[in-house]
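What follows is a set of notes on a single structure, which appears directly below.
There are 2 protein chains.
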Amino acid sequence: MSRSAELTPTVENYLKHLFHQQQQSPDGWLPTGRLAACVGVTPGTATTMVKTLAEAGLVDYEPRGGVRLTSAGERHALGVIRRHRLIELFLVRELDLDWSEVHDEAERLEHALSDKVLERIDRLLGYPQFDPHGDPIPRAGGHVPTTEYQSLAECALHRAFVVARVTAQDAVFLQMIQRLHLVPGTRVVVEARDTAAQTVTVRPRSRPALNLGLPAAAKILVTAPG
Amino acid sequence: MSRSAELTPTVENYLKHLFHQQQQSPDGWLPTGRLAACVGVTPGTATTMVKTLAEAGLVDYEPRGGVRLTSAGERHALGVIRRHRLIELFLVRELDLDWSEVHDEAERLEHALSDKVLERIDRLLGYPQFDPHGDPIPRAGGHVPTTEYQSLAECALHRAFVVARVTAQDAVFLQMIQRLHLVPGTRVVVEARDTAAQTVTVRPRSRPALNLGLPAAAKILVTAPG
DNA sequence: GTAAAAATTTTGAGTATTCAAAATTGTATG
DNA sequence: CATACAATTTTGAATACTCAAAATTTTTAC
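Line order of the protein sequences matches chains A and B. Each residue of the first sequence is one higher than the one before, starting from 1 at the first, in this note's numbering. Each residue of the second sequence is one higher than the one before, starting from 1 at the first, in this note's numbering.
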C-alpha cells in the first residue's frame, strides 16, 4: 500500500541531497562535509548518519575519503526526487500555487505520500516528464528523461532558444526569473556576453533586453526551439 | 507560511485521539489507559506523553484521574481533524481513491500539509462541510458544523431516512457498507428491530432488505430526507 | 476490612537524531 | 621533513519517543 522499503524521512532527505550533489562532482565521491552543509547539519552528524547509511547498504563510505550512493541508495533517491517533482507540478497546476514557493511545500510532502496517491497524481497530470522548473521527473522504474541543455552562460549569440529549465530552488531567485519573464517556455536570444564583466545580455521574446550576471545565467538552461 | 504552533506529528496524533475519545465520554475526563489503547502505545508511554502535553498547556491532567483537552489543545485537535477530513474528501473527489481506503492515507498526510495548501484544497472542493464519511469538517476558525442525527439502532420504524454519516474508519467495515448500499446519501427504511436478537432490518431504497447487528447499526447515522 | 484484580505510574533502557567540542588525520607550506 | 591548517571523526550529551517490567494506587469482591 505504501512505499517499498520504508526509510525514515531523515534518511530519504540525506539520499536526495547525496544524489543531487553527486551530479555535480562526477567522480562520484562526495566529502561528508559537503553533504553536511547541504543537508544543514554539523559535520559530525553527517559522519554518523553516513555510517548508518553504509550499514543499510545505501551508500559506500570511505572514512576520510567520502560517500557515494550504491545502486540501492540511488534507487531510493530517485524515488524521493520523483515524488518531490510530481508534487511540485501538482501544486502549481492543480492548486495554483506559485512556481517560486512550491519547493518548500514539496519538501515536506515528499515523505508523506504513498505510492498509490502518487500514481493517481501522476495520472491526473498526464504522466508528465518535467516539473515546473523544467527538472526531469524520474519514472517509477527509476528512468530519468534526459535532455542536453546549454545554459545562457554558454549558448550561441543571436540565436533563438527556449528556456527549458531553471536549476535553482530558492524563492527569491525564482521570483526574479518570473519578474524578468524568463520562466521555462519563454523564447530568448542572447545578444551579448561580456566574459570580463561577467554579464550576459538576454532578450526574452517581445520584451526589452536585460542583463544577468554569469552565475545567474548559468542556472538558466535552454534548448533549440521547436 | 505553515501551521501556527508547530507541534510534532506525534503530539498532533495524541490530541486528535483525545478529542475523538472525549466526544464519547462526556464528563470530559479520559483515563490514560484508554488513550494509550487508541493511540496504540503502552500505558506507560501515554502517561509520559500526557505529562508532556500538560506542561505544554494542551491538556489538564489529574494523576490517576484522567486527561482532558484544554481549549488550546482542542483548538489544535480541531485543526488536525480539519486537515484529516479535507484530505479524505480531496482524495475521494479529486484523486478517485476509494471511500474505504482514504482514512489511512489521510493519517499520514494530515501532519505534512501547510495552511496554504490546505486553504487551496478547501477552495478547490468548494468549502465543503462534510467528508466522505459524513463527518463534519471543522472550519479554519474552529467552528464545527453540527447536526443532530439518529442511528439505525434507534430511529423510528417504517419511516424514510437518509444515511448521513458512518462513524467508522476501518476499511473492512466501510467496504461492507458500500457492498450493502448504505453509503451516505442513500435513502433507507428500518423495517424491524429485534432488541433481544440484537438485529435491525434495514431496506435501502429500491433494494432488498438486509439484517445488521445492533452495534453495526449504531454506527450508521441518518436524518430526515430533504 | 482485607485480599485479589485492575489500572496507572515509575523506572531503566533503547532507537533515531541532533549538537558542541575535543581528538585525529591528511595536506599544504615553507 | 616539520609544522600549521583544514577537514573529518570521535566523544559525550541532549531531545523526542518508545517499550518492558516493577512499583504503586484504586477498585472490586468477598
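Idealized CB from N, CA, C, for every residue including glycine.
Check whether the Cβ of B:His-111 lies closer than 9 angstroms to any Cβ atom in chain A.
By one-based count along the second sequence, residue 111 of chain B stands at place 111. With 9 angstroms as the cut-off, B:His-111 counts as an interface residue toward chain A.
Please confirm if B:Val-117 has its CB atom under 9 angstroms from at least one CB of chain A.
The residue you call residue 117 of chain B lines up with position 117 of the second sequence. True, the Cβ-Cβ gap to chain A drops below 9 angstroms.
For B:Met-176, which option in B:Cys-155, B:Ile-220, B:Glu-191, B:Gly-141 has the closest C-alpha, if you only look at C-alpha atoms?
Taking the second sequence and counting its residues from 1, the one referred to as residue 176 of chain B is at position 176. Closest by alpha carbon: B:Ile-220.
Under 9 angstroms from the C-beta of B:Leu-91: neighbouring residues of chain A:
What you label residue 91 of chain B is simply residue 91 of the second sequence in a count that begins at 1. Those are Val-117, Arg-120, listed as they occur along chain A.
3 or more residues per run - each beta strand (DSSP E) lying fully within the region 28-114 of chain B:
Listed in chain order, the complete beta strand (DSSP E) runs (minimum 3 residues) inside the region 28-114 of chain B are 59-62, 66-69.
Express the C-alpha separation of A:Glu-107 and B:Leu-91 in angstroms, rounding to a whole number.
Walking along the second sequence from the start, residue 91 of chain B turns up at place 91. Walking along the first sequence from the start, residue 107 of chain A turns up at place 107. The alpha-carbon atoms of B:Leu-91 and A:Glu-107 are separated by roughly 20 angstroms.
Contacting residues, own chain, Cβ-Cβ under 7 angstroms from B:Tyr-149 (five flanking each side not counted)
Residue 149 of chain B sits at position 149 when you count from the first residue of the second sequence. Residues Ala-164, Arg-165, Leu-221, Val-222, Thr-223 of the same chain have their beta carbon placed closer than 7 angstroms to that of B:Tyr-149, with the five preceding and five following residues left out of the count.
Could you spell out the range, first to last residue, of the beta strand (DSSP E) harbouring A:Arg-179?
Your numbering for residue 179 of chain A matches position 179 in the first sequence. Per DSSP, A:Arg-179 belongs to no beta strand (DSSP E); it is in the alpha helix (DSSP H), 171-179.
Please state the DSSP three-state secondary structure of A:Met-1.
On the first sequence, residue 1 of chain A is found 1 positions in, with the first residue counted as 1. Reliability fails at A:Met-1, whose pLDDT of 42 lies under 50, so the model's placement of it is uncertain and no value is given.
May I have the straight-line CA-CA distance separating A:Leu-30 from A:Leu-109, to the nearest angstrom?
Numbered from 1 along the first sequence, position 30 holds the residue referred to as residue 30 of chain A. Numbered from 1 along the first sequence, position 109 holds the residue referred to as residue 109 of chain A. Cα to Cα, the separation comes out at about 27 angstroms.
Looking at the strands, I want to know which residues DSSP matches up with A:Asp-194.
As a first step, residue 194 of chain A must be located in the first sequence, where it is residue number 194. In the DSSP output, where bridge partners are listed per residue, A:Asp-194 has A:Thr-199.
If contact means a Cβ-Cβ distance below 7 angstroms, which residues of the region 123-153 of chain A contact chain B?
Leu-124
Option in A:Gly-73, A:Val-200, A:Ala-218 with minimal Cα separation from A:His-17:
As a position in the first sequence, residue 17 of chain A is number 17, starting the count at 1. With distances taken between Cα atoms, A:His-17 lies closest to A:Gly-73.
Candidates A:His-133, A:His-111, A:Ile-137: closest to A:Asp-227 by CA position
Nothing about residue 227 of chain A can be reported from this structure: the residues present for chain A run from 1 to 226 only.
Decide if B:Gln-24 is buried, meaning its Cβ has at least 16 other Cβ atoms within 10 Å, or exposed.
As a first step, residue 24 of chain B must be located in the second sequence, where it is residue number 24. B:Gln-24 comes out exposed.
Alpha carbon to alpha carbon, how far is A:Pro-225 from A:Gly-66?
Counting from 1 along the first sequence, the entry for residue 225 of chain A is found at position 225. Counting from 1 along the first sequence, the entry for residue 66 of chain A is found at position 66. Their backbone Cα atoms lie some 41 angstroms apart in a straight line.
Under 8 angstroms between beta-carbons, which chain B residues line up against A:Glu-105? List them in chain order, please.
Stepping through the first sequence from its first residue, residue 105 of chain A is reached at position 105. Neighbours of A:Glu-105 on chain B, chain order: Ser-114, Lys-116, Val-117.
Reducing DSSP to helix, strand and coil, say where B:Val-144 ends up.
As a first step, residue 144 of chain B must be located in the second sequence, where it is residue number 144. In this structure, B:Val-144 counts as coil in the three-state DSSP scheme.
Listing by chain order, which chain B residues have their CB less than 8 angstroms from the CB of A:Asp-96?
Within the first sequence, the letter at position 96 stands for residue 96 of chain A. Arg-120, listed in chain order.
Would you grab the beta carbon distance between A:Val-102 and A:Pro-132 for me? Rounded to a whole angstrom, and I think it's under 8 angstroms.
Here residue 102 of chain A refers to the residue found at position 102 when the first sequence is read from its first residue. Here residue 132 of chain A refers to the residue found at position 132 when the first sequence is read from its first residue. Indeed they touch by this definition, with Cβ atoms about 7 angstroms apart.
Taking the CB atoms as reference points, tell me whether B:Leu-157 and B:Ala-192 lie closer together than 9 angstroms.
Taking the first residue of the second sequence as position 1, residue 157 of chain B is located at position 157. Taking the first residue of the second sequence as position 1, residue 192 of chain B is located at position 192. In contact: B:Leu-157 and B:Ala-192 (Cβ atoms closer than 9 angstroms).
Just curious, the alpha helix (DSSP H) that B:Ala-167 is in, first and last residue?
Position 167 of the second sequence, counting from 1, holds the residue named residue 167 of chain B. Inspection of the sequence shows that residue 167 of chain B is occupied by Thr rather than by Ala. It is not in any alpha helix (DSSP H) - B:Thr-167 carries neither H nor E in the DSSP assignment.
Are B:Val-314 and B:Val-189 closer than 9 angstroms when you measure CB to CB?
As shown, chain B starts at 1 and ends at 226. That puts residue 314 of chain B outside it, with no answer to give.
Report the rounded CA-to-CA distance for B:Leu-174 versus A:Leu-78, giving the unit in angstroms.
The residue you call residue 174 of chain B lines up with position 174 of the second sequence. The residue you call residue 78 of chain A lines up with position 78 of the first sequence. Roughly 35 angstroms between the two C-alpha positions.
Using only CA atoms, which one of A:Leu-180, A:Leu-69, A:Pro-43, A:Pro-204 lies nearest to A:Pro-26?
Taking the first sequence and counting its residues from 1, the one referred to as residue 26 of chain A is at position 26. It is A:Leu-69 whose Cα lies nearest to the Cα of A:Pro-26.
Can you give the Cα-Cα distance for A:Leu-53 and B:Pro-43, rounded to whole angstroms?
In the first sequence, counting from the first residue as 1, residue 53 of chain A sits at position 53. In the second sequence, counting from the first residue as 1, residue 43 of chain B sits at position 43. Their Cα atoms are separated by approximately 33 angstroms.
Simplified DSSP state of A:Pro-208, which is helix, strand or coil
Stepping through the first sequence from its first residue, residue 208 of chain A is reached at position 208. The answer is coil: DSSP assigns A:Pro-208 none of H, G, I, E or B.
Which residues in the same chain have their Cβ closer than 7 angstroms to the Cβ of A:Gly-142, if we skip the five residues on either side of it in sequence?
Taking the first sequence and counting its residues from 1, one reaches residue 142 of chain A at position 142. The residues are Arg-75, Leu-78.
Between the Cα of A:Gly-185 and those of A:Ala-197, A:Arg-205, A:Gln-198, spot the shortest distance and give me the residue it belongs to.
Here residue 185 of chain A refers to the residue found at position 185 when the first sequence is read from its first residue. It is A:Arg-205 whose Cα lies nearest to the Cα of A:Gly-185.
Per DSSP, what kind of secondary structure is A:Ala-160 in: helix, strand or coil?
Within the first sequence, residue 160 of chain A is the residue found at index 160, counting from 1. A:Ala-160: strand per DSSP, three-state reduction.
Using only CA atoms, which one of B:Phe-130, B:Ala-218, B:Arg-179 lies nearest to B:Ala-168?
Taking the second sequence and counting its residues from 1, the one referred to as residue 168 of chain B is at position 168. Ranking the options by Cα distance to B:Ala-168, first place goes to B:Ala-218.
Going by the DSSP bridge assignment, what does A:Val-222 pair with across the sheet?
As a working note, residue 222 of chain A is residue 222 in the first sequence. Answer by DSSP bridge pairing, in chain order: A:Gln-150, A:Val-163.
Chain-order list of residues whose beta-carbon lies under 8 angstroms from that of A:Thr-32 (same chain, five-residue window excluded)
Mapped onto the first sequence, residue 32 of chain A falls at position 32. Excluding positions up to five away in sequence, the list reads Pro-43, Ala-46, Thr-47, Val-50, Gly-66, Val-67.
Is the shortest distance between the beta-carbon of B:Gly-6 and the beta-carbons of chain A less than 9 angstroms?
On the second sequence, residue 6 of chain B is found 6 positions in, with the first residue counted as 1. The question names Gly, yet the displayed sequence has Glu at residue 6 of chain B. No - not a single Cβ of chain A is within 9 angstroms of the one on B:Glu-6.
Determine the direct distance from the alpha carbon of B:Val-172 to that of B:Leu-89, and round the result to whole angstroms.
The count along the second sequence starts at 1 and reaches residue 89 of chain B at position 89. The count along the second sequence starts at 1 and reaches residue 172 of chain B at position 172. C-alpha separation (whole angstroms): 19 angstroms.
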